[in-house]
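Notes for the one structure printed next.
Residue numbers (this note's numbering): 1 to 103.
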């Protein structure tokens with residue numbers, strides 16, 4: 001799994017792109033650290049988490065995303081590139097809560 005932070009996608013948005021399958025605790029920690037790093041300079045920017053290849057995410061990532069939205073009030077969008085991942089978010093009833101979109 002690899003992560004790329006695109007800080008200047010637009011002046012108001014930071015994009016965190018995850019490639020590969022999210023499958024381990026280490027992967028989850030890397031995602032959390034990347035999201036924290038993306039927000040380090042300005043917490044008012046919109047955050048866009050793009051998950052390219054994974055058809056699953058760990059429960060700890062889901063919990064962290066919920067914290068970012070509900071507690072920290074971060075403007076977050078999750079882009080699920082795989083239909084299986086989008087369907088997982090649908091079955092968990094998290095599409096609207098996590099602002100999940102397909103691309």
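Glycine included, every Cβ here is placed at the ideal spot set by N, Cα and C. Keep in mind that this is a model prediction, so the values were computed, not measured.
Boundaries for residue 13: no alpha helix (DSSP H) harbours it, while the beta strand (DSSP E) harbouring it runs 13-19, taken from the DSSP string. Secondary structure of residue 59 (DSSP, three-state): helix. Comparing alpha-carbon positions, the option among 102, 54, 45, 49 lying closest to residue 32 turns out to be 49. The distance from the Cβ of residue 28 to that of residue 58 is about 5 Å, consistent with a contact at the 8 Å cut-off.
Contact between residue 66 and residue 74 fails: their C-beta atoms lie close to 11 Å from each other, not under 8 Å.
Non-local beta-carbon contacts of residue 17 in its own chain, meaning distances under 6 Å to residues more than five positions away in sequence, involve 4, 50 in chain order. The beta-carbon distance between residue 19 and residue 72, rounded to whole angstroms, is 25 Å. This is too long to meet the 8 Å contact definition. Short of 7 Å from the beta carbon of residue 34, and not among the five residues preceding or following it, lie these beta carbons of its own chain, in chain order: 3, 5, 16. By the Cβ-count criterion, residue 25 is exposed, with fewer than 16 other Cβ atoms from all chains shown falling within 10 Å of its own Cβ. Counting other Cβ atoms within 10 Å of its Cβ, residue 38 reaches 16 or more and is therefore classed as buried.
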